Each structure stands twice: as C-alpha cells, then as structure tokens.
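Student:
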Amino acid sequence: MDGDTEDILVTRLLFGEWKNVTRIVVTHRLAHLALFDVIVLLDKGQVVASGSYTEVMANDAVRELVESALVSVEHSVAHPKPMEPLAPPSAMHTLPDEVQHDSSRLTEDEDRATGAVRTGVYKEYLRAMVGRRPMLSPFILIALIGTSIGITILPIIQTSWLGYWTDTFSTSVSQGTHGIWGSVVALFGIDVSASSAAVITYGILGIIVLTGWYGERLLWLYRAAAAGRIIHDQALLGVLAAPLRFFDSTPMGRVLNRFARDVEAVDDQLSWNIEQSFKSLAQTVGALVLILAVMPIIIVVIVPVLFLYYRLQRDYRLSAREAKRLESIARSPRYAHFKELVTGLDVIHGFGREAFFIDTYHNILAGYQRAFWCSIMLNRWFSTRVPIISGFVGLATSVAILVLAWQGGISPGVAGLVLTYALSFWMSLNWTVRAFSEVESRMTSVERLRHYATLEQEPQTTSLPVLSDDVEWPTKGALELKDVCVRYASHLPRVLHDVSFSVEPAMKVGITGRTGSGKSTLFQTLFRFVEPESGTIMVDGVDITRVPLQRLRRSLAIIPQDPTLFIGTVRINLDRFSECSDDEVWEALRRVQLADHIRSLPNGLSSAVLEGGANFSQGQRQLLCLARAILTRARIIVLDEATASVDLATDAVIQRTIREEFANVTVLVIAHRLDTVADADLRVELSQGRVVNITKR
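All the letters of the sequence shown, read from the start, carry residue numbers 1 to 697 under the numbering used here.
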C-alpha cells in the first residue's frame, strides 16, 4: 500500500480504534517502530534483539537498519495529503440491509443453457469419440455401434439355438428318427453325438459372446477416455486463452466444478449411458422382431404402449435435463466456498469464526441438495411408472403366449423362447428409454465444457502484422503511450483516461500513485491482458496491437508483486523455454545472490519447487523471479511493486540488480512508495487513472 494509506492504518486503526486491545504486528516496515511498546527482531529463526524502542536501538546493527528505513520514508513523503475524517465507530459494526446490484459488479452469474441440448453438442462429442483422423473415424464409429449391437444380438442367437435344439430333439425322439445329426447310438432316449454337437455349438456361441463382450467393453472404454481427454483439453485451452476479464468475473469454484464434476461425468457416466442406449435399443428391436415373427397380433398391444412410453419419456426428459443443469450450477458454490476456507483457514481460526463458515457451508450444501433431490425424484418418478406399465403388458403377453402354446399354435421350444423375450422386451424398452434420457442429461456436462472451449479468446494474431518472424524486436526499448483509455468491460467505468507519456531507451521510469490509481492496469495494458479502448502504445515505433500476442509477451519481462513459481524444478521456473545453458542459469542466480543457496539444495538446479514456491521464502521467490527476468534478455522490464513484500536486505539486492544488470534496459517500476523510485530517470504520477505529474531527473 502507499505511504498515506499506511499512515492511516497505523494511526487510526493500530493505535487508534484498537488502542485498548493487544496487538501483535509482523512487519518488515520499520518506519513506525517507535510507536510499539515491545519490539522483537528475528534473524534466521532466532531473536537477535528485544525490548523497548530505546533498548533495541542500543544495538548498532538494529539502529542502522531502522535509520535507513526512516530515510526511505522521508523520500516517500513527497506530497503529504490531509487525512479525511474518520467514519463514526458505529459504522464499523453495521452492514447495509440490501446490497444493490449495480453496473460496477465484476462477477457475473453463472449462465446455463435452456431447452433441448443442441445437436452441435452431440456432434462434438461424437467427433471426440471417433477421433480426429478422417480415414479412421468411420471405421471407429462402425466398430462402436457394431460391437454394441452385435454383443446384444449374439445372446439372442445363443438363446434361439436352445429353442431350436429343444424342438429338434423333441421331434427326433417322438418320431424315432435321428434328425439332422445322423447318429445311430442313443443314450436315455437322446442321440449322444447329436447332443455333443449341440453342446459344442452352444459352447462356441458362449465363447464368442464372452469374447465379444470383453472386446466391446475395452473398445468403448478406450474411446470414452479419448473423448473425455479431447473435450477436457479443448475446455482447458479455452480457459487458458481467455482474456483477463473472464477470471475477474468467474469465481474459481465455478471453474473447478466444470473441470472436476463435469469432466467426471463425461469420462465415466456419459459413455456408459450411450453404450447402454445402443445395447438396449438393439435388444429391444431384436426382441420385438422375434415376438412379431411368432405372434404378429401382439402389435395391437405394442403400438399404444409405445405411444404411452413416448409421452412418459418426453415429460421426463424435459424436466430431468433442466434439473441436471440446475444441479450442476448449484454445485459451483461448494467448490468456491471450500477454496476460500482452505485459503483463509489461518484467519478463520484466528478470529474464531469456524461456526459461521460451517453454517454458511450448510446453507450452500442445502441449496445443492435441493437441486440434487429434484433430479433424483424425477428419476424415481419415471422409474416407478415405466415398470408398472411394462409389468401389466408383460403379464398379458405371457398369458397369451402360454394359451397359444397350450392350444398347439406354437411348439414348446418356441413358446419358451418367445416368452423369455416377451418378458425381457419390456424390461429392455424400459432401459432404452431411461438410457436415452440419461444421455441427454449427461450431455449437459459436455455442453458446459464446450462453453469453456468456445470462450472469447485473446487475439493471438493480428490481421495487420508489421513484423516478420525473422525481425528482432524490440531492439532499443523505447516506449510511447498516446491518449490510452482502458476499461475492463463495456459496462464498467474507465480506469485509465487519456494516459500519455514517452520513455526513451534504457530509461528507469517510476509509475507512482495511491492504491487504485491505475498503476497495475497500465502494465496489464502493456502486456495486453486488457486491450486499450482507444489510444496507442508504441514499442520501438511499433503499435503493440499489431504484434502477435505470444511474441509481444515473450519480448517483455515482468517481476510481479506476488512472485509466481510453478510446480517443477528450479531450472524450469527460471528458463521457461529451455533456451539457456546451465552456466547462464547459474550466472543469473549469482547476480541475484541466490547461487549459494541453490547449490546447497540436494539436487541443485533440479531441486523441486513446490506449489507456489512454498519451499522458498517470500524474498527468495522474488529473487528467483528477478533471475528469470535476467534470462529473458528482454528490452523492457516491468516491476509491479516488486519490493513491497520483502525485507530491507532483499530490497537492497533487487535495487542493486536493477541498477547493474538492467543498465541498458528500459525498466518500468510500479511503486506505491517514492523511495523505491528515488533514482528514476522519469516519474509518472497517476491519480484516478489520469497522469497528474511527469518529472524528469
């Protein structure tokens, strides 16, 4: 924060509103040290000085440290501003009755599609399932459908063989003939060789069924995994290439929900539902053909029942689809709340607010369970009505078949076969309707992931290129901003207003201003994280909006206030494109005084970096980012308050490195405190998004 804001917090809060409570302050800012009753100075985990301000200042090393900090503060207080009146104490304990929705709200409500799932969503999943190779895709599609239908028809053939076998032996025994088997030896009234041949045939059919089932399952599992991977990767690429506005307006829990639960539904449940749809449909059609071939009159019952099934599944699908969408949306707040809990766990424990957050989670969970309960109850509603209908119709069909067999209209073997499939027909019809309904419900997960895959993308290329790939750019580091206006979204107010200034090559520029003055927005515009609404930004005479985005960002370097390190190794974090030798990496570490520390690690440059660089201190992470900037060899480097969260020693290392290593590089230093840009060649002061002062040294 800037010096004025820091003074307000110290005088009005720490030693004002909180003056009657015990305060423990952990800080590397020493300007207000004299106000504290007890001071404890730590170094490498040990207490090196403690006591009152007078007692601590008796230590020469401590006194020099504090005096240097006080000198920095004197530099930073260049334009003291009168403090605004403090709000009444009652204002600290009140909240507005209603939070009005206005045009300045950043976060947007999660959108959801309505109506039937678009045909394009099914096509996208089908393309992902069969792969992207035009020569193989038709064969994969035929194999998927063919194996599903085949594995359903094969058991029907196997069962039909039993009926045929039964009828053949019944005729052979009653007429004293050998039937088709041509055997002359009988055992217990049954031809032995014929029996053996029939059993072998039945066994072969069984082996074919079993082998086909395993092959079909492996094929579907493999293609389902491939489809899930393709859809996930497309969604991930869409999010990674989305403009910064997307991350400002989308809670992280919402993104986690889609990449967790929706990806799981696509990977696991959707492919199984589609597979079951084909199987059930094939089994239903096969059983229907078999029944109609034996009893054509049954069509009088089947047609009205099918119409009734159609009406039921239509009503169920319409409701189940929307319920599944609502359930998916209601799941997002759970992920967001959990992430907030993990991130702020220390603060929650410190303030004893565990009960509040538990109650909040219960309310969020109750909202999700209402949506989930609705989805489950719709499923139960459908599942109880379909079996009732199929049960009555199946009973009537079974009675008709038994009567027909009793009267000799069909043989016992055929009667048993038809009776078996008459009963299974209604069951398979039930599963067919449910499977197709579930496919549409689960397809909403593909729909939600496809939404991320088709997000508005950052303009990676430009229709008016001015640089060929073999042209080195930038070579000087000259920068010119002319009437730059920026807003984060069309419905939000401007955050930069007609910003104009010029920077000569190798200049050290300080961008100063109070919190919220637009300093960070300025560097975001330089990197085109936010596109300027109007105006131009020229680097070495080239408009950055006409430079491909990837090339622009690779040509610049940034050292952020919050140092960013990724899971991997030290080397990967320093040399992101593997363009530098080990000697160059070690030299960069030496320049930021980290070489000895990295050598002391077990694996040197191959030492692991935990998530967020958790195994390095704040200062070490910042120095690693500085070494990374050195290795980029960029002609323009931006430091976004890079020393705000580090101790004075690390601050000194960073300032020395900037002076020595970036002497021939244009450096933009975004700073709250003037002491960090005291030796800048040019100072640009911002206030409420406008340039209010430009000072050259």
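Backbone N, C-alpha and C define an ideal beta-carbon position, used for all residues, glycine too. Here the structure is a predicted model, which means the values were calculated and not measured.
Who pairs with Met538 in a beta bridge, going by DSSP?
Tutor: Glu480, Asp543
Student: Note down, in chain order, each residue of its chain lying with its Cβ closer than 8 Å to the Cβ of Val10, except the 5 sequence neighbours on either side.
Tutor: In its chain, beyond the 5 residues on either side, His32, Leu35 have a beta carbon closer than 8 Å to the beta carbon of Val10.
Student: Quick one: which unbroken alpha helix (DSSP H) runs of 4-plus residues sit fully inside the region 630-695? Chain order, please.
Tutor: 648-661
Student: Helix, strand or coil for Cys485? Go by DSSP, reduced to three states.
Tutor: strand
Student: Can at least three beta-carbon pairs, one atom from the region 545-560 and one from the region 598-612, be found at a separation below 8 Å?
Tutor: no
Student: Please classify Arg571 as buried or exposed, where buried requires at least 16 neighbouring CB atoms within 10 angstroms.
Tutor: buried
Student: Using the C-alpha atoms, what's the distance from Val199 back to Ser174?
Tutor: Because Ser174 carries a pLDDT of 49, less than 50, the predicted location of this residue cannot be relied on, and the following value inherits that uncertainty. Computed Cα separation, rounded: 21 Å.
Student: On the three-state DSSP scale, how would you describe Thr27?
Tutor: coil
Student: For a quick check, are the C-beta atoms of Trp426 and Val393 less than 8 Å apart?
Tutor: yes
Student: Pull up the CB-CB distance for Asp248 and Tyr488, whole angstroms please, since I reckon it's below 8 Å.
Tutor: Contact annotation, Asp248 with Tyr488: C-beta distance approximately 7 Å; criterion of less than 8 Å satisfied.
Student: I'd like the span of the beta strand (DSSP E) that includes Ile376, first residue to last.
Tutor: Here Ile376 belongs to no beta strand (DSSP E); instead the alpha helix (DSSP H) covers 354-406.
Student: Taking the beta carbon of Leu565 as the centre, do at least 16 other beta carbons fall within 10 Å, making it buried, or is it exposed?
Tutor: buried
Student: List the endpoints of the continuous alpha helix (DSSP H) containing Val48.
Tutor: It is not in any alpha helix (DSSP H) - Val48 instead sits in the beta strand (DSSP E) that spans 46-51.
Student: Could you name the residues of the same chain whose beta carbon sits closer than 6 Å to that of Asp679, not counting the 5 residues immediately before and after it, in chain order?
Tutor: none
Student: What residues are listed by DSSP as bridge partners for Ser502?
Tutor: Glu480
Student: Report all residues from its chain with a CB closer than 8 Å to the CB of Lys324; omit the five preceding and five following residues, and keep chain order.
Tutor: Ser375, Ser441, Arg442, Thr444
Student: Could you tell me which residues DSSP puts in a beta bridge with Leu41?
Tutor: Ala49
Student: Determine the extent of the beta strand (DSSP E) in which Ala557 is found, giving its start and end residues.
Tutor: If you look at Ala557, you'll find it in the beta strand (DSSP E) that goes 556-559.
Student: Out of Arg553, Pro505, Gln655, which one is the CA nearest neighbour of Leu682?
Tutor: Restricting attention to Arg553, Pro505, Gln655, the CA atom closest to the CA of Leu682 is found in Pro505.
Student: Using a Cβ-Cβ cutoff of less than 6 Å, which residues in the same chain neighbour Glu17 once the five nearest sequence positions on both sides are dropped?
Tutor: none
Student: Can you give the beta carbon distance from Thr765 to Ile636, rounded, assuming they're within the 8 Å contact cut?
Tutor: One cannot answer for residue 765 here, as it falls past the ends of the chain, which runs 1 to 697.
Student: From Ala91 to Ile670, what does the alpha carbon distance come to, in whole angstroms?
Tutor: Any reading at Ala91 must be qualified, since the residue scores a pLDDT of 47, below 50, and its modelled position is unreliable; the value itself is stated next. Distance between Ala91 and Ile670, taken at the CA atoms: about 33 Å.
Student: Between Met252, Ile157, Gly253, which has its C-alpha nearest Gly206's C-alpha?
Tutor: Ile157
Student: Please report the distance separating the alpha-carbon of Leu423 from that of Pro155.
Tutor: 15 Å
Student: What does Leu496 pair with, by DSSP beta-bridge criteria?
Tutor: Per DSSP, the beta-bridge partners of Leu496 are Val486.
Student: Using DSSP bridges, identify the partner residues of Ala608.
Tutor: Thr569
Student: Ordered along the chain, which non-local residues of its own chain (more than five positions away) have a Cβ less than 6 Å from that of Lys508?
Tutor: Val667, Ala680, Asp681
Student: With burial defined as no fewer than 16 other Cβ atoms inside 10 Å of the residue's Cβ, what is the status of Gly238: buried or exposed?
Tutor: With a 10 Å radius around the Cβ and a threshold of 16 neighbouring Cβ atoms, Gly238 comes out buried.
Student: Just to confirm the assignment, what range does the alpha helix (DSSP H) spanning Val305 have?
Tutor: 299-343
Student: What is the rounded straight-line gap between the Cα of Thr476 and the Cα of Glu661?
Tutor: For the sequence presented, residue 476 should be read as Lys rather than Thr. Rounded to the nearest angstrom, the two C-alpha atoms are 16 Å apart.
Student: What is the DSSP secondary structure of Gly131, reduced to helix, strand or coil?
Tutor: coil
Student: Report, in whole angstroms, the separation of the C-beta atoms of Ile151 and Met295, which I expect to be a contact under 8 Å.
Tutor: Not a contact, Cβ separation roughly 26 Å.
Student: Determine the burial state of Pro134: buried for a count of at least 16 other Cβ atoms within 10 Å of its Cβ, exposed for fewer.
Tutor: exposed
Student: Taking the Cβ atom as the reference point for each residue, do Val26 and Leu14 lie within a distance shorter than 8 Å?
Tutor: Not in contact: Val26 and Leu14 (Cβ atoms no closer than 8 Å).
Student: Could you please give the first and the last residue of the uninterrupted alpha helix (DSSP H) stretch that includes Val255?
Tutor: 252-257
Student: With a CB to CB cut of under 6 Å and the five nearest residues on each side skipped, what residues in its chain are close to Ala242?
Tutor: Excluding sequence neighbours, Ala242 sits near Leu455.
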